[in-house]
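Going by this note's numbering, the sequence shown opens with residue 26, and the numbers climb by one from there. Here's the structure we're looking at; comments come further down.
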Amino acid sequence: MRAAIIKQHGPPESISFEDRPTPTPAENQYLVRVKACGLNHLDTWVRRGVPGHKFPLPMVPGSDITGVIEKAGPGARRFKAGDRVIVDPGLSCDLCAMCQSGQHQLCASWGLLGETTDGGCQDYLCVKESQVHLLPQQLTFEQGACIPINYVTAWQMLVGKARVRPGETILVHGAGSGVTVASILIAKMHGLQIFVTSTSEEKLQRARLLGAHRVINTSKEPFRDAVKNLTGKQGVDVVVDHVGEPTFMDSIRALKRGGRLVSCGATAGAELKIDWKHVFFKNLALLGSTYGSRGDFHEVLRAFESNRLSVVLDSTVKLAELGRAHAALEERKVFGKIVVSLA
Numbered sequence: 026m027r028a029a030i031i032k033q034h035g036p037p038e039s040i041s042f043e044d045r046p047t048p049t050p051a052e053n054q055y056l057v058r059v060k061a062c063g064l065n066h067l068d069t070w071v072r073r074g075v076p077g078h079k080f081p082l083p084m085v086p087g088s089d090i091t092g093v094i095e096k097a098g099p100g101a102r103r104f105k106a107g108d109r110v111i112v113d114p115g116l117s118c119d120l121c122a123m124c125q126s127g128q129h130q131l132c133a134s135w136g137l138l139g140e141t142t143d144g145g146c147q148d149y150l151c152v153k154e155s156q157v158h159l160l161p162q163q164l165t166f167e168q169g170a171c172i173p174i175n176y177v178t179a180w181q182m183l184v185g186k187a188r189v190r191p192g193e194t195i196l197v198h199g200a201g202s203g204v205t206v207a208s209i210l211i212a213k214m215h216g217l218q219i220f221v222t223s224t225s226e227e228k229l230q231r232a233r234l235l236g237a238h239r240v241i242n243t244s245k246e247p248f249r250d251a252v253k254n255l256t257g258k259q260g261v262d263v264v265v266d267h268v269g270e271p272t273f274m275d276s277i278r279a280l281k282r283g284g285r286l287v288s289c290g291a292t293a294g295a296e297l298k299i300d301w302k303h304v305f306f307k308n309l310a311l312l313g314s315t316y317g318s319r320g321d322f323h324e325v326l327r328a329f330e331s332n333r334l335s336v337v338l339d340s341t342v343k344l345a346e347l348g349r350a351h352a353a354l355e356e357r358k359v360f361g362k363i364v365v366s367l368a
């Protein structure tokens, strides 16, 4: 079978390709014939390397996987050969107190397909039965591969951590990223007033079409000032900040009293300097969030099944074009999701 391999950290062209034996599913596993695999910035971090973090190379990248059940291992009974499925990329022991309470993302052995073990940029993959779900009928494999990381992460941030309520205001940074697109659509679904930032006028207009009520071009004005002007100096109830160092302090300043800031990452730097007086004087909540629970995954799928959520597919590429797709992600040329088609 075909497989894309990251053997050592390097530029996009360092990704290599090779033929591998098709794996055999172990007990309570399924062999999935991968049809599509969505890309995330996580894939570029695995390829480039992150200071202070060790990835177990060589690695097959790719976390967002859809496909068809090819074969069941011993004891796997929920699905049959030919079923169209979507894979939860979260890896956990399923036995500890956190897993038993439904918080699999807090498991001490938690990891992700494509980050801690081989992912979906290959023709076949073995996954545990607990990770497999039926793909909603109305979705193509490519559309389904837009869902797991971005939508489950955004769902936990907005619904699980920030506990958004209809009528609240929310500021989301970085129009165009997969998490931002998912956050806009989930915020719209929950009846929020949505503010979105970007330096790209084109991306801001596309965000408006998705449901953003106010767009802020940060190349023309500081978003903190724009938010204050647009809210009568009150600030917003919630900020989603996955940018980090360049935006974090002004995100805090953009919150109203009692507001919540939730973050799932720091794509532009994690060395932060915070004026802590803003946090305790304004009674703010700063919330960290990584991916989501199995329950969040189910809720996201239910929202798609009932057509309350949709995906934004930027483009599809072939497996051999994976390096070019990585370059597009790093150059911020993407709005929504790039998906590798392996059909």
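C-beta: ideal position from N, C-alpha, C; glycine also.
- With respect to the 9 Å criterion, Val184 and His215 are classified as neighbours on the basis of their beta carbons.
- Asp321 and Gly145 have their C-alpha atoms some 21 Å from each other.
- For Gly294, the number of other beta carbons within 10 angstroms of its own is below 16, and it is reported as exposed.
- Within the same chain, Cβ atoms closer than 6 Å to the Cβ of Gly63 are found at Asp89, Ala170, Cys171, Lys362 and Val364, the five residues on either side in sequence being excluded.
- Rounded to the nearest angstrom, the gap between the Cα atoms of Leu347 and Met182 is 29 Å.
- In the three-state reduction of the DSSP assignment, Glu95 falls in the strand class, which pools E and B.
- Judged by DSSP secondary structure, Gly63 falls within the beta strand (DSSP E) whose first and last residues are Gln54 to Gly63.
- For Ala237, there is no enclosing beta strand (DSSP E), as DSSP marks it with neither H nor E.
- Excluding sequence positions up to five before and after Lys298, its CB lies within less than 8 Å of the CB of Met274, all in the same chain and listed in chain order.
- Within a 10 Å sphere around the beta-carbon of Leu82 sit fewer than 16 other beta-carbons, which makes this residue exposed.
- Take the alpha-carbon of Lys32 and the one of Val93: they are about 28 Å apart.
- If you check the CB distance, Met84 and Asp143 come in under 9 Å.
- The C-alpha of Ser340 lies about 33 Å from the C-alpha of Arg190.
- Partner residues in the beta bridge of Gln218, as assigned by DSSP, are Thr194.
- DSSP places Met26 in the coil class of the three-state scheme, outside both helix and strand.
- Annotation: Ala291 is outside any beta strand (DSSP E) and is labelled neither H nor E by DSSP.
- Between the beta-carbon of Ala200 and that of Val221 there is about 5 Å, and that keeps the pair under the 8 Å contact cut.
- Looking at the DSSP output, Ala310 bridges to Arg285.
- One Cα belongs to Gln259, the other to Ala352, and the distance between them is close to 40 Å.
- Gly107 and Leu210 have their C-alpha atoms some 31 Å from each other.
- The way I'd put it, the segment 153 to 171 does touch the segment 99 to 119; three or more beta-carbon pairs between them come closer than 8 Å.
- Excluding the 5 residues flanking it on each side, Ala207 has same chain C-beta neighbours closer than 7 Å at Asn175, Tyr176 and Ala179, in chain order.
- The Cβ atoms of Cys118 and Gln54 do not sit closer than 9 Å to each other.
- By the beta-carbon neighbour count (other beta carbons within 10 angstroms, threshold 16), His323 is exposed.
- The Cβ-Cβ distance between Pro76 and Gly139 does not fall below 9 Å.
- Straight-line spacing of the CA atoms in Phe306 and Gly74 works out to 39 Å.
- With 16 or more neighbouring CB atoms inside 10 Å of its own CB, Ser223 falls in the buried class.
- Taking C-beta separations shorter than 6 Å and ignoring five residues to either side along the sequence, the partners of Phe80 in its chain run Val71, following chain order.
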